[in-house]
Amino acid sequence: MNLVIKCRKIIGGSALGQALVTRQPINFLTMLDPETGIVHDSEHELYGSSLKSKVLVFPNAIGSTVGAYAFYSLKVKGLAPEAVICTNIIDIITASACAISDIPAVDMKGQPSDSTSLIKPGIRVLVDADSRCIKLSKDINL
Amino acid sequence: MQLTREEEKGLKGDYGSTMAMAYRILVAIGEATEAERLTNIKWAHLSGVNYNTIGDAGVIFLEKFTKEARVKVKTTINPMGFDRTQPNRLSKNFLTKQMNIVNSYERMGAVTSFTCIPYELFSVPNGSTISFAESNAAIFSNSMLDLFTNKESALSALASSVTGKAPYSELRKEGQRRAKFSIRSSFSPETELDWGLLGFFAGKVGTESCINFEGVFQPDLRRAKSLSAALGTSGSCGMFTVNQGGEKEVVTYDPQDAKSVKDELSTSEDGDVIILGSPQLGMNDLSCLASLVEGRKFKKRCMIFCARTVHRNASRIGIADKLVKSGCRFICDSCSCLTPLISKKETDSAITNSIKAAYYLKHSNKVAVCLKDLKTIIKDHSQ
């Protein structure tokens, strides 16, 4: 069964990937290993997880304004997520980083507050920013 | 978002691919923050100057970006990773890449200010709209100086510097500078460290762009600087207000909360070196420090991070000399956060009064930290 969640488009495009989900915000400068794209902050829920090829589902970025470069560096090294879903309102760090990295980005502004609770870790997610929707499926072929 | 014909042309690429990229960033942020239009800015301040923060991808990006782009408004830049007059011990790779970044910013016409406290060194008229990427500077300018900026990212402020424009949204609009969220403190924080602890707590729990503080007195400049830096480190907030009326969602803050933040960041009983400056020390901070250490000498190394202009001014009036005689060492144009000058190889632990320094020393430089307020540092570590 496929489920569709409405969202707000920030950066257009569409991309498919496995959901990497956290309720904790991310400081892209300090919490990610720039060489591997793995979350290396041991206090973070995503500790040990790689962002590569995932659909990153997180509230928003915090802290360093240079985080935008840190995120862009992942893209250059082929370690970036396929798409970004901000479960809160997208922040300027994430929006600007996705803009220059051509990574589809959406957020949940104006949507019911629990609408992203259906995005369980590990499920396949299609972010279709242009159609302002997120499709969920356990079916690998989606 | 409504763009003017000129802006549309910029976005379409009529003024080159670099301008198109700059407009693409601004439009994305305009969409994200629900701006109805772009507005002219008077000043941009950029982060993303230290090689240790932007890496090779940043070096190449800036080199390409600045081939075409030139600043349209006054543009100042953040500290870099080292002091050019003390290059010893640093790797050739670091030095080459760092200078490549500096050259890029010079080429685009930025003032090589190398400061994270542009608000203490430069000014524009009150009420001006600006675009500040350094978080402590954005928060301080909105909250203490009646300037109007969002907490920009390194890339959005860069886009604003070459277009002279920024989205007219959120904290740039008078009506949105009223907090809907408040931290009610059960005690009034006293030292600059206390204000930093409060800021770090507030940034973590408040997701709003403007946060109000209740139950505290109006902070002076030193305390506000510490509060701004800590708020910017832990959260996404871009402004604070103090004891502002009106209905708000309230979270309480008590001494136990302050202790929790301190326990999280202060993981060492002592340190090998004292680090002062994140944000960099300004003239006010140096005068205050000089009067506190008058006739005393530090028993440990004490590193002071400041802008070269500040050091020069402090030298002129004899303060710098006094501080050097007390055992301080000045490091100009740089900042304690992510500098290769402080690494685990040589330093196990550092003493500082800065929450921002503590956070980055712990997470990026991987150095243990002992947090103390300035007066206690001087009492415990000088004689």
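Residue numbers (the numbering used here), protein chains in the order written: chain A, 1 to 142; chain B, 1 to 383. Where is the CB? At the ideal position from N, CA and C, for every residue including glycine.
My guess is that A138 (chain B) and T149 (chain B) are in contact by the Cβ rule of under 8 angstroms, so how many angstroms apart are they, rounded? 5 angstroms
Taking a cut of 7 angstroms between CB atoms, which residues from the region 11 to 33 of chain B lie near chain A? M21, R24, I25, A28, I29, E31 and A32
Look at L20 (chain A) and K54 (chain A) and say whether their C-beta atoms are less than 8 angstroms apart. yes
Can you check which of these residues, B:V250, B:D373 and B:L198, is closest to G277 (chain B) by C-alpha distance? B:D373
With a 10 Å radius around its C-beta and 16 neighbouring C-beta atoms as the bar for buried, classify Q280 (chain B) as buried or exposed. buried
For L142 (chain A) and I123 (chain A), what's the separation of their Cα atoms in angstroms? Residue placement at L142 (chain A) cannot be trusted, given a pLDDT of 46 that sits under 50; the coordinates are not used to answer.
Grouping DSSP H, G and I as helix and E and B as strand, with all else coil, what is F132 (chain B)? strand
Should S349 (chain B) and D270 (chain B) be called a contact, given that it needs their Cβ atoms to be closer than 8 angstroms? yes
V127 (chain A) classed as buried or exposed, judged by whether at least 16 other C-beta atoms fall within 10 angstroms: buried
Can F82 (chain B) and T339 (chain B) be called in contact, C-beta distance under 8 angstroms? yes
In this structure, how does DSSP classify N141 (chain A) when only helix, strand and coil are distinguished? Here the model assigns N141 (chain A) a pLDDT of 49, short of 50, so the residue's position is not dependable, and the following value carries that caveat. N141 (chain A): coil per DSSP, three-state reduction.
For S47 (chain B), collect the residues of the same chain with a Cβ closer than 6 angstroms to its Cβ; drop the 5 residues on either side in sequence, then sort them by chain order. N78, A133, E134 and A154
Inter-residue Cα distance where the pair is K92 (chain B) and T18 (chain B): 30 angstroms
Rounded separation between A344 (chain B) and S14 (chain A) - CA only: In the sequence as presented, Ala is not what sits at residue 344 (chain B); that position holds Lys. So the two alpha carbons sit approximately 43 angstroms from each other.
For R70 (chain B), I'd like the list of residues in its chain whose CB is within less than 8 angstroms of its CB, leaving aside the five on either flank, ordered along the chain. M108, G109 and V162
Would S113 (chain A) pass as an interface residue toward chain B - the criterion being a Cβ-Cβ separation below 8 angstroms? no
Beta strand (DSSP E) containing I355 (chain B): first to last residue? Unbroken run through I355 (chain B) is the alpha helix (DSSP H), I355 to H363; no beta strand (DSSP E).
Just verifying my parser: in three-state terms, what is the DSSP assignment at E34 (chain B)? coil
Residues, ordered as in the chain, of the region 54 to 84 of chain A that lie near chain B by beta-carbon distance below 9 angstroms: P59, N60, A61, I62, G63, S64, T65, V66, G67, A68, Y69, A70, Y72, S73, L74, K75, V76 and K77
Three-state secondary structure (DSSP) of I101 (chain B): helix
Pull up the DSSP beta-bridge partners for F305 (chain B), would you. B:I331
What residues in the region 351 to 371 of chain B bring their beta carbon closer than 8 angstroms to a beta carbon of chain A? Y359, Y360, H363 and S364
Identify every residue that forms a DSSP beta bridge with Q18 (chain A). A:K54 and A:R124
Going by DSSP in three states, V251 (chain B) sits in which element: helix, strand or coil? strand
Within a Cβ cutoff of 6 angstroms, which residues of the same chain sit near Y168 (chain B), ignoring the five residues on either side of it in sequence? A35, R37 and T39
Residue range of the beta strand (DSSP E) that T352 (chain B) falls in? S349 to T352
Taking the CB atoms as reference points, tell me whether A320 (chain B) and F305 (chain B) lie closer together than 8 angstroms. no
Count the other CB atoms, across all protein chains shown, that sit within 10 Å of the CB of I140 (chain A); report buried if there are 16 or more and exposed otherwise. Because the pLDDT of I140 (chain A) is 47, which lies under 50, any placement of that residue in the model is unreliable, and the number read from its coordinates should be weighed accordingly. Exposed is the call here.
What would DSSP say about P87 (chain B), mapped onto helix, strand or coil? coil
From Y104 (chain A) to F298 (chain B), what distance separates their C-alpha atoms? According to the sequence shown, residue 104 (chain A) is Pro rather than Tyr. The alpha-carbon atoms of P104 (chain A) and F298 (chain B) are separated by roughly 53 angstroms.
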